[in-house]
Each structure stands twice: as structure tokens, then as C-alpha cells.
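Q: Take this structure first; my questions come after.
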Amino acid sequence: MQKEKYNYRYDFIDEGKAVHIIDATGVNLFLLVGSKRGLLIDTGQCKDDLRSLCDELCSDYDVVNTHGHFDHVVADYQFDKIYVSDNDLPLLKQVYGGSLGFETESLNDGQLFDLGDRKVKAIALPGHTSGSFGFLDMDRRILYSGDSLMRNVSLQHIGNLGPLGYRATLVRLLSEYGNDFDYAIPAHGHRAFGFRPLEKEYISKMIDCIDSVDLSRCVVIGSNEFGDILRFVADGKKYEDYDSVSVEFSRP
Ligand SMILES: [Fe+2]
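Each residue of the sequence shown is one higher than the one before, counting from 173 in my numbering.
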């Protein structure tokens, strides 16, 4: 049953092994709770008292950023130390106006966080940003994927690797870890249907989506410093469809 405290809604998932925390703007954070310590994945985009909530849910825990975008890091300042990739550290500093009032430590591909009863592996997933990471709860077979695996993946912000760079990440993820998890849990849900995990098969669907991009069938959804932003939806579906797969990228 969903509870509410400090302006966050939260719920225990994965048979009580993790807490799904939703900030006031709907961004999804996850606190994995192990027998020895926990791991907080992202801090969201609100300045409510996330620290007190997490301290009440778990006595000792590390804090990681899936990437450096604003909506994942705003409450970082409440914690003593944040693990973030070197590649996304400049993005994080940008959010905080240049200087951070907290310690950071480099996140490395393959790095293990020992929760006691299980281990969580940090996996580099460059694409959405160059320093994006996912976190594989190895015993629970769940990949917490931030913005790197979503029904609609955005490759439009500064630091993105474009569709082909992102595709290479997906291929590597499947070949190296495809047997190690059953589903991914992204940081954002569908605008209409809300939060939901993504089946592993979704990764192959996204690769197919990128392979079938047809510029004549893309829709312009906006523009930024790189020019037009295009969206391509696979299989002739509509973006709003529950099971659609789509990718957004700058016009090549
Ligand atoms: Fe993002």
C-alpha cells in the first residue's frame, strides 16, 4: 500500500527488497534495502526532505546518480557523498551552478555495491548521456535503468551519443548481461499509463526501432541548440500507444 511522508509517496516493491519513492513531480527513485546496507538510486528534482525519509527506511546506504540530468540530482545536496560517472560530473555541476557542496566519487563500469544479502552492479549505459549508468540487482534479477531504457528514449540532450551510439550500448547490454535480469525499471513512466517495469524483450524492440528509423516518417517535436528534434515510433504505432517503442534524436 502506498504511503506518504515528507511530500514523497512510497511503496515497497520486489517482495520488500526495495522501496519505490515518487517525488512531488512524479520522478521515480529507488532505495534498495539489503541486510547490511542500502543503495539509493537518484534523488529526483524536488527539495523536499528525502534524506529524512531514506534515513527512516534504511540505517546506512550509498547514493548513486543514474546520470547528471536535473530531474535526477536535485536532492543530491542532502547527502554526504554521491557516486556519479566522471562523464556526467560536468552536467551535475551545471545543475548546482558550478560548485558542489557535497563529495562525489567516480562510478565505474562493473563496480559492485555490497548490500549484504546481495550485490548490485553498476553498468555503464552511454547513450541518453555519455555517463549514464544502470544498476543491476544481481540476485533479484532487476535492472534499474534510469533514463537509459524507457519506452520512449530521448537522445536529444547535451552529451547524448545519438541513435547508433545508444544502439551499441543496447547490443552490449544484451550480450553481456542479457541472461542476468528479467526486467528493467525505468525512472519515468508513460505519460498516460504511468509507471511500469519494462520486459527485457523491450531492448530488442528498441534496437529494431533504431534500425528501422525512416526520416520521412519522423515527426518534429521541437528544437534545441543542435537543430530539430525528431521522434520515430516503430511499427507504425502511435506515441501514445501503451506498447509503442520510440526514439527521439537530433536531425542528422
Ligand atoms: Fe535524463
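Cβ coordinates follow ideal geometry from the N, Cα and C atoms, glycine included. Treat the numbers as computed from the prediction; the structure is a model and nothing was measured.
Got a sec: does ligand 1 put a non-hydrogen atom nearer than 7 Å to the Cβ of D227?
A: One-based indexing of the sequence shown puts residue 227 at position 55. Answer for D227: no, Cβ out of range of ligand 1.
Q: When we look at the beta-carbon of E420 and count the other beta-carbons within 10 Å, is it buried (16 or more) or exposed?
A: In the sequence shown, counting from the first residue as 1, residue 420 sits at position 248. With 16 or more other Cβ atoms within 10 Å, it is buried.
Q: F285 by DSSP, collapsed to three states: which one?
A: Position 113 of the sequence shown, counted from the start, is the residue given in the question as residue 285. F285: strand per DSSP, three-state reduction.
Q: Return helix, strand or coil for T341, following the three-state DSSP convention.
A: Position 169 of the sequence shown holds residue 341. If DSSP states are grouped into helix, strand and coil, T341 belongs with the helices.
Q: How many whole angstroms separate the CB atoms of H192 and D319, which I take to be in contact at a CB cut-off of 8 Å?
A: Reading the sequence shown from its first residue, position 20 is the one you call residue 192. Reading the sequence shown from its first residue, position 147 is the one you call residue 319. With a Cβ gap of about 16 Å, H192 and D319 do not count as contacting.
Q: For D309 and L261, what's the separation of their Cα atoms in angstroms?
A: As a working note, residue 309 is residue 137 in the sequence shown. As a working note, residue 261 is residue 89 in the sequence shown. The alpha-carbon atoms of D309 and L261 are separated by roughly 24 Å.
Q: Using C-beta distances below 6 Å, list every residue in its chain close to A190, excluding the 5 sequence neighbours before and after it, in chain order.
A: Position 18 of the sequence shown, counted from the start, is the residue given in the question as residue 190. Answer for A190: F202 and L204, listed in chain order.
Q: With distances taken from CA atoms, which of Y180, S207, Y249 and L211 is nearest C200?
A: The residue you call residue 200 lines up with position 28 of the sequence shown. First, the amino acid is wrong: residue 200 is Asn here, not Cys. The shortest C-alpha separation from N200 is found at Y180.
Q: In the DSSP output, which residue or residues are listed as bridge partners for L212?
A: Taking the sequence shown and counting its residues from 1, one reaches residue 212 at position 40. DSSP, once it has assigned bridges, lists L203 and V235 as partnering L212.
Q: Taking the alpha carbon of Y414 as the point to measure from, which residue in F367, A340 and G210 has its own alpha carbon closest?
A: Along the sequence shown, read from residue 1 onward, the residue named residue 414 stands at position 242. Nearest C-alpha to Y414: F367.
Q: For D243, which residues in the same chain have their Cβ closer than 6 Å to its Cβ, ignoring the five residues on either side in sequence?
A: Within the sequence shown, numbered from 1, the residue matching residue 243 stands at position 71. Hits under 6 Å: V199 and Q217.
Q: Do D319 and ligand 1 come close, with the Cβ less than 7 Å from some heavy atom?
A: Here the question's residue 319 lines up with position 147 in the sequence shown. At least one heavy atom of ligand 1 is nearer than 7 Å to the Cβ of D319, so yes.
Q: If L279 and V256 are in contact, beta carbons under 8 Å, what's the gap, nearest whole angstrom?
A: Taking the sequence shown and counting its residues from 1, one reaches residue 279 at position 107. Taking the sequence shown and counting its residues from 1, one reaches residue 256 at position 84. Going by Cβ atoms, the distance from L279 to V256 rounds to 6 Å, so yes, they are a contact pair.
Q: Tell me where the beta strand (DSSP E) around Y316 begins and ends.
A: In the sequence shown, the residue the question calls residue 316 occupies position 144. First-last of the beta strand (DSSP E) with Y316: I314 to G318.
Q: Assuming G299 and Y338 are in contact, meaning their beta carbons sit under 8 Å apart, how far apart are those beta carbons, in whole angstroms?
A: Here residue 299 corresponds to residue number 127 of the sequence shown, with the count starting at 1. Here residue 338 corresponds to residue number 166 of the sequence shown, with the count starting at 1. So it is a contact: roughly 3 Å between Cβ atoms.
Q: How far does the beta strand (DSSP E) with P358 in it reach, from first residue to last?
A: Locating residue 358 in the sequence shown gives position 186, where the first residue counts as 1. Per DSSP, P358 belongs to the beta strand (DSSP E) from Y355 to P358.
Q: Going by the DSSP bridge assignment, what does H192 pair with across the sheet?
A: Residue mapping note: residue 192 aligns to position 20 of the sequence shown, counting from 1. Per DSSP, D183 and F202.
Q: Should R323 be labelled buried (16 or more other beta-carbon atoms within 10 Å of its own) or exposed?
A: Taking the sequence shown and counting its residues from 1, one reaches residue 323 at position 151. By the 10 Å Cβ count, R323 comes out buried.
Q: Indicate, with yes or no, if ligand 1 has a heavy atom lying under 7 Å from the CB of H239.
A: Locating residue 239 in the sequence shown gives position 67, counting from the first residue. Correct: H239 has its Cβ closer than 7 Å to ligand 1.
Q: Select from G303, N396 and C381 the residue whose C-alpha is nearest the C-alpha of Y411.
A: Your numbering for residue 411 matches position 239 in the sequence shown. Looking at the Cα atoms, C381 is the closest of the given residues.
Q: Contact criterion: CB-CB distance below 8 Å. Does N237 meet it with respect to chain C?
A: Annotation note: the requested chain C is absent from the structure, which comprises a single protein chain.
Q: Quick check for students: name the residue ranges of the beta strand (DSSP E) that lie wholly in the region 383-420, counting only runs of 3 or more.
A: Counting whole runs of 3 or more residues, the region 383-420 contains the beta strand (DSSP E) stretches 391-396 and 399-405.
Q: Between K291 and I213, what straight-line distance do the alpha-carbon atoms span, to the nearest angstrom?
A: Indexing the sequence shown from 1 puts residue 291 at position 119. Indexing the sequence shown from 1 puts residue 213 at position 41. If I take the Cα positions, the gap works out to 14 Å.
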